[in-house]
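A.B. asks: Top to bottom, those sequences are chains A and B.
All residue numbers for the first sequence refer to the working numbering, where the first residue is 51 and numbers rise by one.
All residue numbers for the second sequence refer to the working numbering, where the first residue is 51 and numbers rise by one.
Using N, Cα and C, we set each Cβ at its ideal position, and we do this for glycine too.
There are 2 protein chains.
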Amino acid sequence: MTIMVKVALAPVHDEHLVSAINDAGAQLVSIDDAQALVWIGGADGFPELPDGIEWVALKTAGIEEFMNAGVIDDRRQWTNASGFYAAGCAEHALALLLAGLRQINTAVRNGWDKDGIDTKVRTLRGATVGIIGAGGIGRELTPRLKACGARVLAVNHSGRPVDGADETVPTSELDAVWGRVDHVVLSAPSTAATHHMINDDSLAALPAHAWVVNVARGPLVDEAALHRALVAGEIAGAALDVTDPEPPAADNPLFALPNVIISPHVANPASALTREMAPFLAENIRRFAAGDELISKVVVGRDY
Amino acid sequence: MTIMVKVALAPVHDEHLVSAINDAGAQLVSIDDAQALVWIGGADGFPELPDGIEWVALKTAGIEEFMNAGVIDDRRQWTNASGFYAAGCAEHALALLLAGLRQINTAVRNGWDKDGIDTKVRTLRGATVGIIGAGGIGRELTPRLKACGARVLAVNHSGRPVDGADETVPTSELDAVWGRVDHVVLSAPSTAATHHMINDDSLAALPAHAWVVNVARGPLVDEAALHRALVAGEIAGAALDVTDPEPPAADNPLFALPNVIISPHVANPASALTREMAPFLAENIRRFAAGDELISKVVVGRDY
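1. Please compile the residues from chain B whose C-beta is within a distance smaller than 8 Å of the C-beta of SER313(A).
2. Helix, strand or coil: which one does DSSP assign to ILE122(A)?
3. Tell me the start and end of each unbroken alpha helix (DSSP H) in the region 245-329 of chain A that is at least 4 residues and wholly inside, in chain order.
4. Take PRO297(B) and list the residues in its own chain whose beta-carbon comes closer than 8 Å to its own, dropping the five residues that flank it on each side.
5. Around the C-beta of PRO269(B), are 16 or more other C-beta atoms found within 10 angstroms, so that it is buried, or is it exposed?
6. Can you give me, in chain order, the residues of the region 246-262 of chain A that have a beta carbon less than 7 Å from any beta carbon in chain B?
7. To the nearest angstrom, how far is the alpha carbon of HIS66(B) from that of ASN160(B)?
8. Examine the Cβ distances between the region 277-288 of chain B and the region 302-313 of chain B and report whether three or more of them are shorter than 8 Å.
9. Along chain B, in chain order, which residues have C-beta atoms closer than 7 Å to that of HIS142(A)?
10. I believe GLU104(A) touches ALA86(A) by the beta-carbon criterion, under 8 Å. Please report the beta-carbon distance rounded to the nearest angstrom.
11. Mind listing the chain A neighbours of PHE305(B)? Cutoff is C-beta to C-beta under 9 Å, in chain order.
12. Sort out for me which residues DSSP pairs ILE181(B) with in a bridge.
13. Can you check which of these residues, SER237(A), ASP101(A) and ASP168(A), is closest to ALA111(A) by C-alpha distance?
14. Does DSSP classify TYR354(A) as helix, strand or coil?
15. Taking the C-alpha atoms as reference points, what is the distance between ASN155(A) and VAL292(A)?
16. Which chain B residues sit within Cβ distance under 8 Å of GLY138(A)?
17. Does the beta-carbon distance from ARG194(A) to LEU144(A) come in below 8 Å?
18. Got a sec: is the Cβ-Cβ distance from LEU280(A) to anything in chain B below 8 Å?
19. At which residue ranges does the region 125-160 of chain B contain complete beta strand (DSSP E) runs of 3 or more residues, listed in the order of the chain?
20. Leaving aside the five residues before and after PRO257(A) along the sequence, list all residues of the same chain whose C-beta is less than 7 Å from its C-beta, in chain order.
21. If we cut at 8 Å on Cβ distances, does LEU236(A) have a partner in chain B?
22. Taking the straight line between their C-alpha atoms, what separation do you get for GLU190(B) and LEU78(A)?
23. Does the beta carbon of ALA70(A) come closer than 8 Å to any beta carbon on chain B?
24. Just to confirm the assignment, what range does the beta strand (DSSP E) spanning LYS56(B) have?
25. Would GLY199(A) count as contacting chain B if we go by Cβ distances under 8 Å?
26. Thinking C-alpha only, which one of ASP82(B), ASP294(B), ILE182(B) and ALA254(B) is nearest GLU223(B)?
27. Give the straight-line distance between the Cα atoms of ALA317(B) and THR324(A), rounded to the nearest whole angstrom.
28. Within the same chain, show all residues whose beta-carbon is closer than 6 Å to that of ALA74(B), passing over the 5 residues directly before and after it, in chain order.
29. Answer yes or no: the CB of ASP213(A) versus the heavy atoms of the ligand HEM, is any distance below 7 Å?
30. Given this structure, state the Cα-to-Cα distance separating MET247(B) from VAL234(A), to the nearest angstrom.
31. Can you give me the C-alpha to C-alpha distance between ALA76(B) and LYS109(B), rounded to a whole angstrom?
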């Protein structure tokens with residue numbers, strides 16, 4: 051006979067996650083009675099955890115905020131949402147890259163400017179796309195790029211081959227990648243090692259027709275260096291779903307460049323977040339009940 | 051021993067096509083000495099054809115212009131470029147559809163409007179996309195959509211199953227399709243039968259979240275009906291690479307709508323056209339020399 055897992059959901063309830071908790075056969079309880087806490091707020095207001103809490107499930111993939119606030123301890127298991135939103139982020143990355151290559155940005159801004167746009171349209175077919183930080187998003191993005199006839203050069207920590215990629219190289223060889231790709235998609239976490247990986251040097255090494263797409267975190271890009279490179283024509287364009295800081299200043303000079311697309315951090319829309327998270331939460335509750343390894347466990351102290 | 055095929059290229063020479071003619075083992079000659087004419091101009095200025103011309107290769111997929119000018123006769127073979135540009139057009143259709151679903155247009159227009167954009171972002175995953183007129187472009191678009199997790203409902207003349215599509219139905223059942231799809235991509239030729247297939251009735255049958263993408267020909271869409279439907283919120287948006295007429299009037303009211311994307315007929319950019327056409331021309335010259343069936347033959351009098 052199975053004992054029901056007791057799960058708390060805070061700071062607010064949410065229909066998708068309440069359904070997931072029920073579907074997984076768990077009991078929704080208050081935090082003081084819970085074995086597991088599903089925390090769908092930010093680091094501000096994170097509660098003192100009762101000793102009974104054996105597992106905390108966070109709703110975001112990036113957890114810098116919680117790391118910085120010092121709430122993540124080693125007295126229980128923590129999971130983030132790494133991988134839960136990968137497919138949506140990959141789709142957004144493809145949308146941004148294609149929008150740049152097909153000059154959708156220019157068409158939206160300039161109207162029927164056929165002479166100005168026709169010669170600037172590029173194709174993904176035959177292009178090599180570097181996916182920098184090829185984890186969950188990279189696994190989802192790779193088949194989408196391959197279906198468009200692109201070649202995929204994946205870069206990840208270990209260099210372990212990414213399914214479907216034409217080539218995978220370890221992060222230690224990143225310096226040599228910029229000169230070998232037509233375009234790059236950034237999907238790495240924000241760490242000391244990835245800070246400003248797009249800088250004067252990498253921008254100079256990229257080809258002049260390159261589009262840089264960032265669906266990861268703003269600090270991966272040195273925005274001042276990017277602005278210089280775009281103005282100088284060192285690369286063709288940048289399509290960013292993230293900036294540093296967020297929101298960006300209204301007078302951020304990147305907004306004024308014709309070859310920049312900025313979407314407001316919606317690769318994983320907040321409005322769809324709990325709906326996307328729900329099936330993964332249900333699976334993790336089943337695993338927790340069975341004593342199995344949880345999906346998307348936070349490895350405390352790991353620097354990606 | 052093979053006799054070299056004599057090919058004329060007019061009204062101008064082009065490096066990609068000259069290479070293709072040479073690569074195929076043909077001889078570049080003047081039109082009076084030629085067996086085949088590669089005509090890369092429009093219908094205006096089309097020459098009186100010497101009797102020696104057995105085959106005319108046109109550079110465009112749509113040949114209404116030549117049909118209307120009455121230059122296409124049944125005394126020789128004619129080929130158009132149907133299918134030559136299919137991959138590029140499919141890529142552009144995907145770029146337009148994703149730009150709409152991921153609200154790239156709104157981001158370009160409005161900047162960091164997170165609250166306004168977040169709730170409007172949609173995904174291709176799980177969506178059913180109708181490809182109306184699923185020929186060459188449909189065959190290329192289908193695997194791209196499937197890689198994004200969409201379901202494909204193809205519509206073509208015969209109803210013969212399109213490779214990879216989840217379902218194919220014949221044009222005769224088109225009326226029932228509008229209510230069964232989330233989004234549509236138009237890739238049918240412009241004929242009497244396809245004229246204004248997007249009209250008050252089809253727009254009313256489409257769901258309110260639908261995006262309509264047109265990479266075919268402007269006359270497929272009743273633009274006045276489309277404008278009414280967009281203003282009324284009957285569909286979510288329209289992404290058009292073609293208009294009726296072209297170029298559109300600067301005060302075409304579609305330009306003023308926030309949920310419209312118009313690109314200036316660049317799914318198949320004129321600047322890349324002969325480069326894309328070259329390998330197909332070389333193959334057709336080899337077939338002509340061998341007496342084999344040509345690729346992309348025009349069937350005179352056929353109404354698609």
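C.D. replies: Let me spell this out:
1. Within the first sequence, residue 313(A) is the residue found at index 263, counting from 1. For SER313(A), the residues of chain B that pass the 8 Å Cβ criterion are ARG152, GLN153, ILE154, ALA157 and ILE167, in the order they occur in the chain.
2. Walking along the first sequence from the start, residue 122(A) turns up at place 72. In this structure, ILE122(A) counts as coil in the three-state DSSP scheme.
3. Whole alpha helix (DSSP H) segments, 4+ residues: 250-255 and 273-282.
4. Against the second sequence, residue 297(B) aligns to sequence position 247. Cβ within range, chain order: PRO314.
5. Translated into the one-based positions of the second sequence, residue 269(B) becomes position 219. By the neighbour-count rule (16 or more Cβ atoms within 10 Å), PRO269(B) is buried.
6. Within the region 246-262 of chain A, no residue places its CB atom closer than 7 Å to a CB of chain B.
7. Stepping through the second sequence from its first residue, residue 66(B) is reached at position 16. Stepping through the second sequence from its first residue, residue 160(B) is reached at position 110. Taking the straight line joining both Cα atoms gives about 41 Å.
8. Cβ pair count under 8 Å is three or more, so yes.
9. The sequence position of residue 142(A) within the first sequence is 92, counting from 1. Below the 7 Å Cβ cutoff, chain B contributes ARG152 as neighbours of HIS142(A), in chain order.
10. If you number the first sequence from 1, residue 104(A) lands on position 54. If you number the first sequence from 1, residue 86(A) lands on position 36. About 7 Å; that satisfies the 8 Å criterion.
11. Here the question's residue 305(B) lines up with position 255 in the second sequence. In chain order, GLY161 and TRP162 make up the part of chain A whose C-beta sits under 9 Å from the C-beta of PHE305(B).
12. Mapped onto the second sequence, residue 181(B) falls at position 131. Residue pairing of ILE181(B) in beta bridges, as defined by DSSP: ALA204(B) and VAL235(B).
13. Position 61 of the first sequence, counting from 1, holds the residue named residue 111(A). The shortest Cα separation from ALA111(A) among SER237(A), ASP101(A) and ASP168(A) belongs to SER237(A).
14. Taking the first sequence and counting its residues from 1, the one referred to as residue 354(A) is at position 304. Unreliable placement is indicated for TYR354(A), whose pLDDT of 41 sits below 50; the coordinate value is still reported in the next sentence. If DSSP states are grouped into helix, strand and coil, TYR354(A) belongs with coil.
15. On the first sequence, position 105 is the one that residue 155(A) refers to. On the first sequence, position 242 is the one that residue 292(A) refers to. The straight-line gap from Cα to Cα measures roughly 17 Å.
16. One-based indexing of the first sequence puts residue 138(A) at position 88. Chain B residues near GLY138(A): THR173 and ARG175.
17. Taking the first residue of the first sequence as 1, we reach residue 194(A) at position 144. Taking the first residue of the first sequence as 1, we reach residue 144(A) at position 94. The answer is yes: Cβ separation under 8 Å.
18. As a first step, residue 280(A) must be located in the first sequence, where it is residue number 230. Closer than 8 Å: no.
19. Listed in chain order, the complete beta strand (DSSP E) runs (minimum 3 residues) inside the region 125-160 of chain B are 127-129.
20. Against the first sequence, residue 257(A) aligns to sequence position 207. When the five nearest sequence neighbours on each side are left out, the beta carbons in the same chain lying within less than 7 Å of the beta carbon of PRO257(A) are those of ASP232, in order along the chain.
21. Reading the first sequence from its first residue, position 186 is the one you call residue 236(A). Contact of LEU236(A) with chain B is not assigned, every C-beta pair being separated by 8 Å or more.
22. Your numbering for residue 190(B) matches position 140 in the second sequence. Your numbering for residue 78(A) matches position 28 in the first sequence. Those two C-alpha atoms are separated by around 48 Å.
23. Residue mapping note: residue 70(A) aligns to position 20 of the first sequence, counting from 1. When Cβ-Cβ separations below 8 Å define contact, ALA70(A) makes no contact with chain B.
24. Position 6 of the second sequence, counted from the start, is the residue given in the question as residue 56(B). It spans 56-60 - the beta strand (DSSP E) in which LYS56(B) sits, taken as one unbroken run.
25. Position 149 of the first sequence, counted from the first residue, corresponds to residue 199(A). Contacts with chain B at 8 Å (Cβ-Cβ) include GLY199(A).
26. If you number the second sequence from 1, residue 223(B) lands on position 173. It is ILE182(B).
27. On the second sequence, position 267 is the one that residue 317(B) refers to. On the first sequence, position 274 is the one that residue 324(A) refers to. Taking the straight line joining both Cα atoms gives about 37 Å.
28. On the second sequence, residue 74(B) is found 24 positions in, with the first residue counted as 1. Hits under 6 Å: ALA332, ILE335 and ARG336.
29. Questions concerning the ligand HEM fall outside what the structure shown contains, since it holds no ligand whatsoever.
30. What you label residue 247(B) is simply residue 197 of the second sequence in a count that begins at 1. What you label residue 234(A) is simply residue 184 of the first sequence in a count that begins at 1. Approximately 40 Å, taken between the alpha carbons.
31. In the second sequence, counting from the first residue as 1, residue 76(B) sits at position 26. In the second sequence, counting from the first residue as 1, residue 109(B) sits at position 59. Looking at the two C-alpha atoms, the distance is approximately 18 Å.
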